[in-house]
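Visitor:
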């Protein structure tokens with residue numbers, strides 16, 4: 004539309020589109036470079052030649068050099084365990100905050116919000132001691148436990164539940180449903196977009212999480228892929244960039260593929276998660 | 049207590065117990081431990097008063113990490129926010145290829161920081177890295193970008209900007225899409241220039257988003273040190289040591305938990321300050337709408 008002051012016309016418009024494309028290219032450049040290195044033989048890793056042969060050899064070598072299959076399994080178990088626990092705990096807590104009156108509710112909510120600011124990421128020293136006392140160091144539950152009660156999830160779901168008309172709630176009760184049945188039959192189905200948003204954000208957060216898993220794990224049977232990648236690339240592979248970038252892309256692949264396939268849902272979920 | 053109250057608390061209980069165990073208790077524990085020496089094999093840690101804090105004041109690496117963190121904030125936050133706004137305006141406009149652009153800007157956000165740090169490490173590698181090849185082709189003398197104290201912090205700052213700008217873009221995009229198109233039409237009818245429309249209409253409407261993004265950006269710059277561990281390990285000569293990285297080194301390389309707790313207290317104090325500021329500005333809009 005010619006009236007809209009959102010884009011200039013003529014030369015200005017071309018110039019601006021061009022700058023946008025240059026920035027977009029710069030943004031994706033490190034990734035393109037990684038793809039180039041990972042899919043070509045090492046002698047081409049720093050030399051851009053059009054006739055360079057494509058190869059999967061780097062991926063094979065990376066896969067053989069470290070127990071990546073196990074790391075993937077660990078990450079998968081971690082992400083699933085955390086998400087399952089979060090969904091249950093946050094749903095129950097959000098329901099309480101949205102639809103119940105009880106003494107201390109406001110204070111309790113404030114105490115939940117504390118975690119939005121002070122995330123488990125910065126409490127590594129104390130949480131490590133707690134895990135040691137519980138005797139579960141170097142296990143997958145130890146990585147996930149501090150994150151299972153997510154303030155963010157409670158907050159997001161509470162906001163969603165509050166928008167659901169009480170009439171639906173009451174109608175279900177008239178038909179004889181108890182509180183938990185109402186939650187399951189009315190609130191959870193109507194909260195689906197919020198669950199999707201929270202799920203995507205949670206899965207990408209915990210697949211990517213590094214510092215806490217690095218501290219709390221110590222063996223192949225509990226390390227997630229991020230820590231596995233670090234152990235692998237800082238080990239004796241030291242300078243073989245072709246193999247390291249291949250391993251790097253491998254560990255990012257599930258999220259990258261998921262993102263490319265469900266771009267819309269990803270973007271909308273992150274948007275939704277932000278407007279709170 | 050009424051039935052409703054009991055049910056409410058029962059629903060809340062599992063989450064509350066975990067939050068107490070892994071957020072509230074550790075916060076109090078951190079403060080408690082910061083007044084105690086590191087416990088030795090089975091014996092209780094002796095009370096040392098402010099000793100850990102005295103050590104901190106004399107600890108050059110602490111001060112270096114703190115100033116680094118401030119520079120890191122100052123470098124990361126304004127640039128990534130400005131870029132995020134520009135990106136969002138572009139992606140939200142009728143520009144050719146905006147879907148691809150959105151993807152290009154947002155992709156770094158979904159990738160693990162540790163993975164992208166590896167890619168950037170390669171990018172900055174002396175002689176072989178892409179950066180050196182470009183600067184070499186332009187005749188600029190070779191240098192070790194990550195290995196020199198003058199440039200290392202700038203390098204990790206760039207990585208953080210690259211990782212975060214696309215993330216913040218999403219929030220601005222959401223905000224831009226909620227601005228009624230009638231405002232743009234009215235501005236156009238009044239003959240307002242694009243710059244004027246942005247400055248007087250769009251930017252003020254983006255203000256709540258900017259505050260939200262700002263708070264997140266500050267928290268992230270104190271929370272995320274994955275790339276430091278991969279790219280520089282705090283070096284060279286502590287040039288890229290950030291506060292949380294220092295906590296990590298003291299706590300898990302030197303195993304000095306008493307001092308690490310004192311350092312964490314500083315971190316908590318900073319985060320608490322941000323929380324207070326946020327509540328001052330945003331309480332109504334963000335939390336109790």
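Residue numbers (the working numbering), protein chains in the order written: chain P, 4 to 279; chain X, 49 to 337.
Every residue, glycine too, gets a C-beta built ideally from N, C-alpha and C.
Keep in mind the model is a prediction, meaning the values are calculated, not measured.
1. If the cut-off is 8 Å on Cβ atoms, which residues from the stretch 278-306 of chain X count as contacting chain P, listed in chain order?
2. I'd like to know if residue 414(X) contacts chain P, where contact means its C-beta is closer than 7 Å to some C-beta of that chain.
3. Helix, strand or coil, according to DSSP, for residue 294(X) in the structure here?
4. So which residues of chain X does residue 248(P) contact, with C-beta pairs closer than 9 Å?
5. Scan the stretch 178-264 of chain X and note each continuous beta strand (DSSP E) run of 3 residues or more that stays entirely inside, going in chain order.
6. Can you list, in chain order, the residues of the stretch 73-96 of chain X whose Cβ is nearer than 8 Å to any Cβ on chain C?
7. Since I believe residue 306(X) is in contact with residue 36(X) (beta carbons under 8 Å), could you give me their beta-carbon distance rounded to a whole number of angstroms?
8. For residue 88(X), count neighbouring C-beta atoms within 10 Å of its own C-beta (all shown protein chains included) and say buried if the count is 16 or more, exposed if not.
9. Is it right to say residue 5(P) is buried, meaning 16 or more other beta carbons lie within 10 angstroms of its own, or is it exposed?
10. For the alpha helix (DSSP H) holding residue 35(P), just list the boundary residues, first then last.
11. Identify every residue that forms a DSSP beta bridge with residue 95(X).
12. Could you tell me whether any Cβ in chain X is nearer than 7 Å to the Cβ of residue 144(P)?
13. Would you say residue 265(P) lies against chain X (beta-carbon separation less than 7 Å)?
14. Buried or exposed: residue 137(X), going by 16 or more other Cβ atoms within 10 Å of its Cβ?
15. So what's residue 122(P) in DSSP terms, helix, strand or just coil?
16. Considering only C-alpha positions, which residue in the set 308(X), 70(X) and 261(X) is nearest to residue 107(X)?
17. For residue 221(P), is the classification buried or exposed, using 16 other Cβ atoms within 10 angstroms of its Cβ as the cut-off for buried?
18. Pull out every residue of the stretch 99-117 of chain X whose Cβ sits closer than 8 Å to any Cβ of chain P, in chain order.
19. Quick one: what does DSSP say residue 303(X) is sitting in, helix, strand or coil?
20. Please report how far the alpha carbon of residue 202(P) lies from the alpha carbon of residue 280(X), in whole angstroms.
21. What does the alpha-carbon distance come out to for the pair residue 64(P) and residue 95(X)?
22. For a quick check, are the C-beta atoms of residue 213(P) and residue 162(X) less than 7 Å apart?
23. Name the chain P residues that come within less than 7 Å of residue 151(X), Cβ to Cβ?
24. Who are the Cβ neighbours of residue 172(X) in its own chain at under 7 Å, not counting the five residues just before and after it?
25. DSSP on residue 254(P), reduced to helix/strand/coil?
26. Report yes if the CB atom of residue 131(X) is closer than 7 Å to the CB atom of residue 265(X), and no otherwise.
Guide: According to the structure data:
1. 278, 292, 295, 296, 299, 300 and 305
2. What is shown of chain X runs 49 to 337, which leaves residue 414(X) out entirely.
3. helix
4. 166, 167 and 170
5. Positions of the beta strand (DSSP E) runs, each at least 3 residues long and wholly inside the stretch 178-264 of chain X, cannot be given because no such run exists.
6. Given the protein chain composition of this structure (P and X), no chain C is represented.
7. Since the first and last residues shown for chain X are 49 and 337, residue 36(X) lies out of range.
8. exposed
9. Per-residue confidence for residue 5(P) stands at a pLDDT of 40, beneath the threshold of 50, marking its modelled position as unreliable; no derived number is given.
10. 13-41
11. 84(X)
12. no
13. Using a Cβ-Cβ cut-off of 7 Å, residue 265(P) does not count as an interface residue toward chain X, since no Cβ of chain X sits closer than that to its own.
14. Residue 137(X) should be labelled buried.
15. coil
16. 308(X)
17. Result: exposed.
18. Cβ contacts with chain P: none found.
19. coil
20. Our two residues, residue 202(P) and residue 280(X), have alpha carbons roughly 33 Å apart in a direct line.
21. 53 Å
22. yes
23. 266
24. Hits under 7 Å: 179, 193, 194 and 203.
25. helix
26. no
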